[in-house]
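Our numbering puts the first residue of the sequence shown at 71, with every later residue one more than the last. Where is the CB? At the ideal position from N, CA and C, for every residue including glycine. Predicted model only: the values in this text are computed from it and were never measured. Comments concern the structure below.
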Amino acid sequence: MFISAVYIRFFRSFNFDYLRKAHREFAPDPWDVLEPDGLQYPFVKVPLERDVTTVVGANESGKSQLLSAIKHGLTGKGIQRGDFCRYSQFFAVNRAMAFPDFGLEFKQLDLNDLEMLGKACRAKLDDDTEGFSMFRVGGKDPVVYVRQGEDWTKYPIKDKKALDALMPQWFEIDATIALPQSVPIKYLAAAERSLQTSPRKTRLGLVNTILENAQSWFGSAEGVTAATPTLLSTFSSASTQNAEHDKQLALADDLLLKVARIDRTAFQELLNAVEEGKDGFANGIVERINRGLSAALNFPKWWSQDLHFQLLVTLRDQDLVFTIRDRTGTEYSADERSGGLKYFLSYFVQYLAHEPPKSGAREVLLMDEPDAYLSSTGQQDLLRIFEDFADPQEPTRSSCQVVYVTHSPFLIDKNHGERIRVLEKGEGDEGTRVVRNAARNHYEPLRSAFGGFVAETTFISNCNLMLEGMSDQVMLAGMSARLRRQEIPSTDSLDLNTVTLVPAGSAPHIPYLVYLARGRDVDRPAVIVLLDSDTSGDQAVKSLRKGPNGKPVIDAKFILQLGELPTDALVSPRPGGVVAIEDLIPLPIGIAAVKRYADEFLPPLESAKLGTLKPKDVSFEDCSGTHEALERAAKAKLEGFHLDKVGFARSVLDAVREDDTLTGATEVMDANFRVLFRELGRRQRQAMRQITTEKTSSKIKRIKRSFLLDQPTNASKEQGLLLLEDIEAALDNSVDAEALKSQIRTMRRDFELDEDPTEPISDFGAFRDALEALAYQEVNEVQEP
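What follows is the structure, encoded as structure tokens:
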């Protein structure tokens, strides 16, 4: 059972569904009618997904209030007259003020749910009952509506305990609590969390204050008497209970005991070892704790910004201090790192430590703007945590429904545009409404929600797919989202959260766009290119291979022309094979899309002329591809007709989603795009592997650093020769590596390393400088003059 919809009426910014009431075909549901007056005020209904729902909207649009409505609907607690919608006509002071109204719709009941629902209503329900709606209206007891045929049957709740047991339980991840800098071992060794303790910095400050004043305070009885007020004040300030610190300690306790699964007796043994001065035994325990942390957290899977990231504990007196080791090999204290990392750690620990209720009740995770503090990449990592809450990969974890609200484009899962709910606040007394047609543009949520500027002027991911135009972007994103909702291998679709679709405007623009992304710095994002197999596409490929300075800015293996797709796996309407992306669309779908396009953009009389368009009317003779053939066939029936590529792409996606008569053709189209996505995915993985491989400059610096540690002031020519051989062996076969190899040959000649190998290098300082220049040559090569 899951919550399929939330109903809200007269609650803060939610008044009622004014659009539905104003519709000419409005027919109220039983719960829309106010008793006893019989007035009709429909609830604002917000549909929810079974797994994850993303709620977006402007400030004050009611996003956070939606989360509150879910809580009120589930528990019936906290519903107050003071939350009644202020601009509702029923907000009055000349009579008893009313309560806001809430409802929840539930679907996919199993037999246990049905039995518990029957017990709550004390009624015999049909075995095929698949759902019900529950409403809390006017502060009264909840009632349940069950559909029987075309009608709704109303049941008062007679067993509230049974209803409470049936309702899912909501929970939140506290977005404001980070891990503490340290945790006392005594706290971890205690069987309960009742031990009061202050932060380590406060305790150290207290000790230092006492030591600094020990002689004057404790040198005599008079000194003790005089110092008593100061001592009492000092101890009081140091022992003041800090609620936030208590939460941080509890989070640390969850991390070490629930997540890392370290037995509490280990901390008791560690405390004894510290008190008895058994440093070796204590350090051995700490090492084992760190091994357990590393295995339990598995950070490379979840924190994509640093694959070498580690969270460690270090023994300091009677505290365990949290430290962080990054890809540089350096350790930092937790407060030296960014807020984003600290709060992601908090999310992650709470996620791993979460335990489902022992009652077995379903759960709903509610999150209010969890993007605070997190970078764009960190937000993408958080998306994967939400996904694992809803569909856990670990079989021992139970799934739960996730509902979160956000302002951030990076917390929108572009693979699942159907999960997006857009809230909009109307004018005057209209209140908040749900933008019902927002999901129609699910294949381009970033462009629709945040504008074309973000999508077209910024590379927002580590991997970018360069496309000729916007129609390619619409088609690829739409088909990928469609295929990801099917049970197919992930390699047969694109992960739109890890690759950015970048339309260049036309094929001739692609080489320069790739150069902007790849050719102007050492830290180059991964780029792959998709081109048509026509004249302009061929010319773009030649330009990419040549490059602006005679050096290619992208390897040819990252370029895919549509004509290179395996023909034996494709079914194309174009007799000569696939040239453009439209050639992957079966003719019946193309014709249906032309008709939809005409219905949307043309007057009814003109659109009707294309209603008789059939496959036999479409000829590919003297046509470059499917798009041109369809446009020419439509022109034969309607003179002057123009088939816009972007509009056609959107109509194609509407047709495959909504037209049940095209089932056979949609299967062919799905298969065609799976072939395309497999080829693009293979290139994407290769491109990502390339940028995650250690950079040339990093290799040289590592080898140089090791050499200078052994030979800080002088070295033999033989040792210098072996160093350069090690560097050369670490290079690949790229053009940049060839330039470095040339510089290495120059160093061998300038310092005469091949002559008298046992002799010292004559000018070791100059040799060190040449090594530095070698390490930074790659960076200097790409700097502006």
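Residue i, buried or exposed, once every other Cβ within 10 Å from all chains shown has been counted against 16
i    : result
I73  : buried
T736 : buried
M230 : The sequence as given places Lys at residue 230; Met does not occur at that position. It counts as exposed.
R506 : exposed
K428 : exposed
D730 : exposed
A365 : exposed
F288 : exposed
E282 : exposed
Y157 : exposed
R753 : buried
L109 : exposed
K210 : exposed
S563 : buried
V664 : buried
Which residues DSSP lists as bridging residue i, in chain order
i    : result
V125 : V475, R491
A75  : P117, E175
M204 : L174, V214
K228 : None; K228 has no bridge partner.
Y413 : Per DSSP, none; premise fails for Y413.
E433 : Q239
P830 : S786
T223 : V216
For residue i, the first and last residue of its enclosing alpha helix (DSSP H)
i    : result
P372 : Sequence check: residue 372 is Trp here, not Pro. Looking at the DSSP string, the run of the alpha helix (DSSP H) that includes W372 is 369 to 372.
N182 : 181 to 191
V611 : 605 to 616
D244 : Taken as a continuous stretch (DSSP letters only), D244 belongs to no alpha helix (DSSP H), as it is neither H nor E.
V584 : 580 to 588
T447 : 446 to 460
T335 : 334 to 345
R285 : Rather than Arg, the amino acid found at residue 285 in this sequence is Gln. Unbroken alpha helix (DSSP H) run through Q285: 284 to 288.
L553 : 540 to 554
P658 : 657 to 671
E822 : Unbroken run through E822: none, as it is neither H nor E.
Supposed contact pair residue j and residue i - C-beta distance, whole angstroms, cut 8 Å
i    : j    : result
A699 : V688 : 5 Å
A259 : Q150 : Not a contact, Cβ separation roughly 44 Å.
A162 : F81  : Their Cβ separation, rounded to whole angstroms, is 16 Å, which puts A162 and F81 out of contact at 8 Å.
V419 : L321 : 6 Å
K864 : I831 : Only positions 71 to 855 of the chain appear in the structure, and residue 864 is not among them; the question remains open.
V216 : L195 : 6 Å
D389 : I255 : 7 Å
L680 : A668 : 5 Å
T783 : F834 : 7 Å
G127 : V492 : 6 Å
Beta-carbon contacts of residue i that lie in its chain and below 7 Å, excluding the five residues immediately before and after
i    : result
M437 : E242, I243, Y474
H746 : Looking at the sequence provided, one finds Leu at residue 746 rather than His. Cβ within range, chain order: L635, L654.
E798 : K811, I814
F690 : R644, P645, A699
L89  : R503
F523 : Per-residue confidence for F523 stands at a pLDDT of 38, beneath the threshold of 50, marking its modelled position as unreliable; the derived number appears in the next sentence. Excluding residues within five positions, none has a Cβ falling inside 7 Å.
S478 : D441, Q449
Beta-carbon contacts of residue i that lie in its chain and below 6 Å, excluding the five residues immediately before and after
i    : result
I761 : A596
Y225 : C191, A193, V214
D604 : V649
D87  : P112, V114
Y77  : F113, K115, G173
Residue range of the unbroken beta strand (DSSP E) whose run includes residue i
i    : result
R702 : Where R702 is concerned, there is no enclosing beta strand (DSSP E), although the alpha helix (DSSP H) it sits in stretches over 696 to 707.
L601 : 596 to 601
T393 : 389 to 395
N534 : 533 to 537
E401 : 401 to 403
P254 : 252 to 254
I482 : I482 -> no beta strand (DSSP E), and no H or E assigned at all.
V716 : From DSSP, V716 is part of no beta strand (DSSP E) but of the alpha helix (DSSP H) over 715 to 728.
Q789 : Taken as a continuous stretch (DSSP letters only), Q789 belongs to no beta strand (DSSP E), being part of the alpha helix (DSSP H) at 787 to 799.
T145 : T145 -> not in any beta strand (DSSP E); alpha helix (DSSP H) instead, spanning 133 to 145.
R386 : 380 to 386
L630 : 629 to 631
R503 : 502 to 504
K572 : The displayed chain sequence assigns Val, not Lys, to residue 572. 570 to 573 is the span of the beta strand (DSSP E), which, as asked, contains V572.
The ligand NAP heavy atom lying under 7 Å from the CB of residue i
i    : result
S303 : Among the components of this structure there are no ligands whatsoever, and the ligand NAP is therefore not found.
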